[in-house]
Amino acid sequence: MIIPYGCGSVAQTGSLRTTPGSAFIAEGRTETSATRCTEFLLYLSHSAQVIMEDQWQESMDFAILIARKAGSVVCAALKEDVSIMVKSSPADLVTATDQKVEEMLISSIKEKYPSHSFIGEESVAAGAGSTLTDNPTWIIDPIDGTTNFVHRFPFVAVSIGFAVNKQVEFGVVYSCVEDKMYTGRKGKGAFCNGQKLQVSGQKDITKSMIITELGSNRNPEVIKMVLSNMERLLCIPIHGIRAVGTAAVNMCLVATGGADAYYEMGIHCWDMAAASVIITEAGGVVLDATGGAFDLMSCRVIAASSRDIAERIAKELQIIPLERDDGKNTN
Numbered sequence: 098m099i100i101p102y103g104c105g106s107v108a109q110t111g112s113l114r115t116t117p118g119s120a121f122i123a124e125g126r127t128e129t130s131a132t133r134c135t136e137f138l139l140y141l142s143h144s145a146q147v148i149m150e151d152q153w154q155e156s157m158d159f160a161i162l163i164a165r166k167a168g169s170v171v172c173a174a175l176k177e178d179v180s181i182m183v184k185s186s187p188a189d190l191v192t193a194t195d196q197k198v199e200e201m202l203i204s205s206i207k208e209k210y211p212s213h214s215f216i217g218e219e220s221v222a223a224g225a226g227s228t229l230t231d232n233p234t235w236i237i238d239p240i241d242g243t244t245n246f247v248h249r250f251p252f253v254a255v256s257i258g259f260a261v262n263k264q265v266e267f268g269v270v271y272s273c274v275e276d277k278m279y280t281g282r283k284g285k286g287a288f289c290n291g292q293k294l295q296v297s298g299q300k301d302i303t304k305s306m307i308i309t310e311l312g313s314n315r316n317p318e319v320i321k322m323v324l325s326n327m328e329r330l331l332c333i334p335i336h337g338i339r340a341v342g343t344a345a346v347n348m349c350l351v352a353t354g355g356a357d358a359y360y361e362m363g364i365h366c367w368d369m370a371a372a373s374v375i376i377t378e379a380g381g382v383v384l385d386a387t388g389g390a391f392d393l394m395s396c397r398v399i400a401a402s403s404r405d406i407a408e409r410i411a412k413e414l415q416i417i418p419l420e421r422d423d424g425k426n427t428n
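Under our numbering, the first residue of the sequence shown carries the number 98, and numbering increases by one thereafter.
Written out as structure tokens, the structure is:
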């Protein structure tokens with residue numbers, strides 16, 4: 098560590114000599130040791146910030162490593178018989194591979210970062226809490242696109258988001274069948290297999306292609322609202338609507354510029370966390386389905402190439418009542 102002159106004991110540099118509390122003139126500047134001590138404290142503060150940022154980079158590198166390892170497990174399981182279980186509805190599925198991969202991810206992270214917190218899809222399904230705190234928190238979906246996985250439809254992703262002070266610092270989405278590693282870190286950009294990502298920038302919704310999903314809720318009234326929302330958008334008109342079957346990959350496709358927007362209601366924080374920072378770092382916007390500020394625990398999202406398109410989508414949507422991930426009042 099470099100200690101600045103004149104902070105505490107007698108200090109000397111070249112022909113310049115100072116004692117504590119004294120002033121000196123050098124190159125037109127007059128400073129006291131108190132000033133220099135203040136500058137040193139600012140230096141230490143900045144250094145601590147840099148160290149913390151480096152710490153998160155190390156965490157991100159680790160997330161990429163374990164996401165790729167998890168993806169290998171998922172791809173291997175695609176060649177075997179799949180054991181299927183049902184969660185909230187006949188269309189809300191979970192497999193032994195979901196549980197195995199999440200356990201592997203969390204145990205690996207706990208070993209390296211024992212003080213960190215976790216929110217995992219299968220852990221929550223088993224009764225664990227999903228409250229987001231200021232503590233460094235890993236938000237994990239071991240297989241985003243479980244129904245795709247069951248049917249061997251080739252869009253399946255491992256999604257790992259990392260939040261500090263309730264803000265997502267980085268996200269890793271590994272579309273393992275495609276072997277596409279999407280990454281984004283706050284203030285550092287978004288990438289796919291090392292290539293920088295940029296949204297399309299489209300502002301005219303009549304020239305847009307939008308991604309959405311039918312979801313897993315089979316309540317007839319909810320399905321009517323989902324289809325009605327699609328009809329409203331199609332009649333603007335827009336170029337088209339697509340569905341891939343995984344929220345994380347849907348959002349990443351917007352980040353690549355391949356689609357201009359994605360919206361959905363009824364998804365969860367583990368579906369959105371990682372990809373939300375990938376979208377924003379690619380130059381896109383992420384809003385609540387109402388058009389307000391994005392709320393990770395709200396179970397709904399609009400991700401778009403521009404605020405113009407995001408707000409126009411919000412204007413057309415009927416909001417589906419949902420239970421929040423954090424157990425607070427219904428949206």
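Cβ coordinates follow ideal geometry from the N, Cα and C atoms, glycine included. No experiment lies behind these values; they were computed from the predicted model shown.
Could you check the C-alpha separation between residue i and residue j for me, to the nearest Å?
i    : j    : result
K300 : P317 : 34 angstroms
A407 : T343 : 20 angstroms
V274 : K321 : 33 angstroms
E378 : T194 : 31 angstroms
V265 : A370 : 7 angstroms
G168 : S272 : 8 angstroms
V296 : T135 : 43 angstroms
I240 : V270 : 10 angstroms
L311 : I206 : 33 angstroms
V315 : S180 : Checking the sequence shown, residue 315 turns out to be Arg, not Val. Approximately 22 angstroms, taken between the alpha carbons.
A173 : I163 : 15 angstroms
I364 : D151 : 32 angstroms
L190 : D423 : 22 angstroms
A62  : T244 : Past the edges of the chain, shown from 98 to 428, lies residue 62, and the structure says nothing about it.
L384 : C332 : 22 angstroms
V198 : I307 : 31 angstroms
R339 : T309 : 6 angstroms
A372 : I417 : 22 angstroms
V346 : S256 : 9 angstroms
E208 : E200 : 12 angstroms
H213 : G224 : 19 angstroms
V374 : I161 : 15 angstroms
R165 : K425 : 34 angstroms
G175 : P233 : Here residue 175 turns out to be Leu, not Gly, going by the sequence shown. Using only the alpha carbons, I get a separation of about 32 angstroms.
V430 : V341 : Outside the modelled stretch of the chain, which goes from 98 to 428, sits residue 430, for which no answer is possible.
S185 : A254 : 21 angstroms
V170 : V261 : 28 angstroms
K293 : I376 : 12 angstroms
S313 : F246 : 15 angstroms
S305 : P211 : 45 angstroms
Q415 : D158 : 40 angstroms
M327 : G298 : 22 angstroms
W235 : T192 : 21 angstroms
K263 : Q154 : 18 angstroms
Locate the alpha helix (DSSP H) running through residue i, then write down its first and last residues.
i    : result
T192 : Per DSSP, T192 belongs to no alpha helix (DSSP H); it is in the beta strand (DSSP E), 190-192.
M322 : 317-331
L350 : 344-353
R404 : 404-413
F250 : Neither: F250 is in no alpha helix (DSSP H) and is coded neither H nor E.
M369 : 366-378
Write down the C-beta distance between residue i and residue j rounded to the nearest angstrom, noting that I regard them as a contact closer than 8 angstroms.
i    : j    : result
S156 : F259 : 6 angstroms
G281 : F267 : 6 angstroms
T387 : I335 : Their Cβ separation, rounded to whole angstroms, is 20 angstroms, which puts T387 and I335 out of contact at 8 angstroms.
C349 : Y279 : 4 angstroms
I216 : L229 : 7 angstroms
P402 : D357 : First, the residue type needs correcting, since residue 402 is Ser and not Pro in the sequence shown. The pair is a contact, with the Cβ atoms about 5 angstroms apart (cut-off 8 angstroms).
A411 : Y359 : The Cβ separation is near 13 angstroms, so there is no contact.
L330 : E413 : 6 angstroms
R409 : M362 : About 17 angstroms; that fails the 8 angstroms criterion.
Quick check on residue i: buried or exposed, where buried means 16 or more other Cβ atoms within 10 Å of its Cβ?
i    : result
V183 : exposed
Q196 : buried
G226 : exposed
D231 : exposed
R404 : exposed
G125 : Legend: pLDDT at G125 = 47, less than 50; position of this residue unreliable, value from coordinates given subsequently. Result: exposed.
G66  : Lying outside 98 to 428, the shown extent of the chain, residue 66 is not represented and no answer is given.
G337 : exposed
A390 : exposed
E420 : exposed
D392 : buried
G242 : buried
D178 : exposed
D238 : buried
S204 : exposed
D276 : exposed
At what residues does the beta strand (DSSP E) containing residue i begin and finish?
i    : result
M362 : 358-362
M278 : 277-282
S214 : 214-217
R397 : 397-401
Do three or more CB pairs link the segment 279-291 to the segment 341-358 at distances below 8 angstroms? yes
Using 8 angstroms as the Cβ pair cut-off and three pairs as the minimum, do the segment 246-255 and the segment 214-230 touch? no
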